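Here is the structure we will look at.
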Amino acid sequence: MPVVPYCANLFQDRKYLYQFLIACQQKAIDRQQEQIASIAVEIDAVDPLAVLHEISTPDQLHFYLEKGFTGEAIAAVGTAESLTVDGSNRFSKTQKFIQRCLENWISSDTTPAAIAIPKFFCSFTFFDQKLNAESPFAAGTIFLPEWQITRHQNRCVVLANFVIHPKLNISALTEKIWQQFRKICSAKYGIFNLPDDIRKQLNRWEIIDTNNFKSAVLSALESIRTNQLNKLVLAHAVDVIAHLPFQWTHSLHNLRKLYPDCYVFSTSNGRGQNFIGASPERLISICDRTLITDALAGSAPRGRTLAEDAHLARQLRGSEKERREHQVVVDFISQRLAHFDLQPQLAAVPDLLQLSNIQHLHTPIQAALPAHLHPLEILAELHPTPAVAGLPRELACEQIRRYETFERSLYAAPLGWVDAQGDAEFIVGIRSALIQDCHARLYAGAGIVAGSNPAKELAEVKLKLQALLQALV
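Residues 39 to 511 in this note's numbering are what the sequence shown spells out, letter by letter.
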């Protein structure tokens, strides 16, 4: 990725910006190949969610990820380059697409800061093929955004990516970038307060169950009893119909206030449909060749008092059924990493991940990565884990299609980014909702193993769905 040296801030003067883009166009002419011009600049802190609210439009792709517990947030808006894929080789196709883009990259930035590095944003559906033509998302969607706004604690960087071809009108592009940059810098935090009359109307809704969850659990238990399955994760979905269109950026703002200990996320398909949620589960995080992944399985509610909360935590830790469900995930991840000759490091006993309304058994797993191993290779090996599918994995996926009467799409699937240096972060799209206009489909799931109680499993998914309902308005 070559760097063209220019002044530290190309947005200080239209002339500097124009000259840089002209230099990029000359390279496109010389190479007879489109180039990607990348410009990064540090600005006074803005709220990336406020920027997303201000500049995104329904016909654009976007991606949003916020980790309130680390003070990080990133918004990606618009498309410089993109690819949709399907099939079992969708992860390798994505890897090749990213490499092709990087071969034609020109950067103005010489800052080594990680928050100034361009990222490719990815959403992969749970299954590698769409079930029908009306499916809201392709099996894989990858895009390099036109605008990437990253906040890390007190630092904020805006990065612009634009494709430059030999006949592009550079004057018009310069003006477009110039005006949009100023709009980004002026985004205000306090835009998420809905008027009371609109909030009251949004709180009037109808809820429709899409499937008989308890019946599906009973069927899964029979398969487990006859030794066809060790575990099956079943999802439940409800449709919420409102009187006014849902305000999805406001819902994201609610999620980050309600669940600051989760990954708050959103992605779109460019056709007015947005997939949002607050996930407690990281699939992979890679930084400086160190991989961290999470085994997250086994759940209990939080208590209403300190004494009740401590009692529920002790019950969770001591539950043979919950510990067995958790160990299945730990063993699976460790075995899959061993396929790459990695040496997983993990604690012998799980800890607790305690969220505002639920607590989980949690085992972080860490490993050092060799330089040749790409994040998407690991992603392809791990997805789906038994935490969201079951074991044996292939049979579990067949049974999911059999018992679930709706399409999972991005539910329980990998969502995240890979950057130009090979770092990556992907979460699992659980505790999530697909929103379009006045309609929202809410998803939640539960792991079924021997000893599962259908009534308790239904109560668990209702608890998770309630977390989403609270955030919609």
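Ideal placement from N, C-alpha and C gives every residue a C-beta, glycine not left out. All values derive from a computational prediction rather than experimental measurement.
Residue 476 carries a coil assignment under DSSP once its states are collapsed to helix, strand and coil.
Membership of residue 494 in the alpha helix (DSSP H) is indicated by the continuous run 492–510. For residue 296, same chain residues with a beta-carbon under 8 Å away, outside a window of 5 residues either side, are 316, 394, 505, 508 and 509 in chain order. For residue 457, the three-state secondary structure derived from DSSP is strand.
In this model, residue 346 and residue 511 are separated by some 30 Å (Cα to Cα). Relative to residue 106, the option among 62, 290 and 91 whose CA is nearest is 290. In this structure, the beta-carbon distance from residue 271 to residue 451 does not fall below 8 Å.
The beta-carbon separation of residue 79 and residue 48, rounded to 7 Å, stays under the 8 Å limit for a contact. Around the beta carbon of residue 408, fewer than 16 other beta carbons lie within 10 angstroms, which makes this residue exposed. Within the region 46–132, the alpha helix (DSSP H) runs of at least 4 residues that lie entirely inside it are, in chain order, 52–69 and 86–93. When the Cα atoms are used, residue 146 and residue 155 turn out to be separated by approximately 11 Å. The three-state reading of DSSP puts residue 292 in helix, counting H, G and I together. In this structure, residue 333 places its C-beta atom within 8 Å of the C-beta atom of residue 368. For residue 487, the closest of 259, 203 and 171 by C-alpha to C-alpha distance is 259. Where residue 325 is concerned, the enclosing beta strand (DSSP E) starts and stops at 320–325. Inter-segment contact for the region 191–198 and the region 123–134 is absent: fewer than three beta-carbon pairs are separated by less than 8 Å. Assignment of residue 269 by DSSP, reduced to helix, strand and coil, places it in the strand class. Under the three-state reduction of DSSP output, residue 229 falls in the coil class, being neither helix nor strand. If you keep only unbroken alpha helix (DSSP H) runs of at least 4 residues inside the region 313–363, you get 344–356.
Between residue 429 and residue 269, the gap from beta carbon to beta carbon is short of 8 Å. Bounds of the alpha helix (DSSP H) holding residue 253 are 251–263.
Restricting attention to 89, 443, 61 and 354, the CA atom closest to the CA of residue 76 is found in 61. The straight-line gap separating the alpha-carbon atoms of residue 365 and residue 390 is approximately 14 Å. According to the DSSP assignment, residue 436 belongs to the alpha helix (DSSP H) that extends over 431–441. Pairing residue 453 with residue 416, the inter-Cα distance amounts to about 14 Å. Its Cα nearest to that of residue 158, the residue 459 stands out among 459, 472 and 467. Take the alpha-carbon of residue 177 and the one of residue 349: they are about 43 Å apart.
Residue 267 counts as buried, since no fewer than 16 other beta carbons sit within 10 angstroms of its beta carbon.
The distance from the Cβ of residue 174 to that of residue 490 is about 30 Å, inconsistent with a contact at the 8 Å cut-off. The DSSP-derived three-state label of residue 284 is coil.
If you ignore the 5 residues before and after residue 59, its C-beta comes within less than 7 Å of the C-beta of 75, 202, 208, 211 and 212, all in its own chain and listed in chain order.
In the assembly as shown, residue 265 is an exposed residue. Its beta-carbon has fewer than 16 other beta-carbons within 10 Å. When DSSP states are grouped into helix, strand and coil, residue 300 belongs to the coil group. In this structure, the beta-carbon distance from residue 482 to residue 502 falls below 8 Å.
The beta carbons of residue 462 and residue 413 sit closer together than 8 Å. Non-local C-beta neighbours of residue 323 in its own chain, meaning closer than 6 Å and more than five positions away in sequence, comprise 330 and 463, ordered along the chain.
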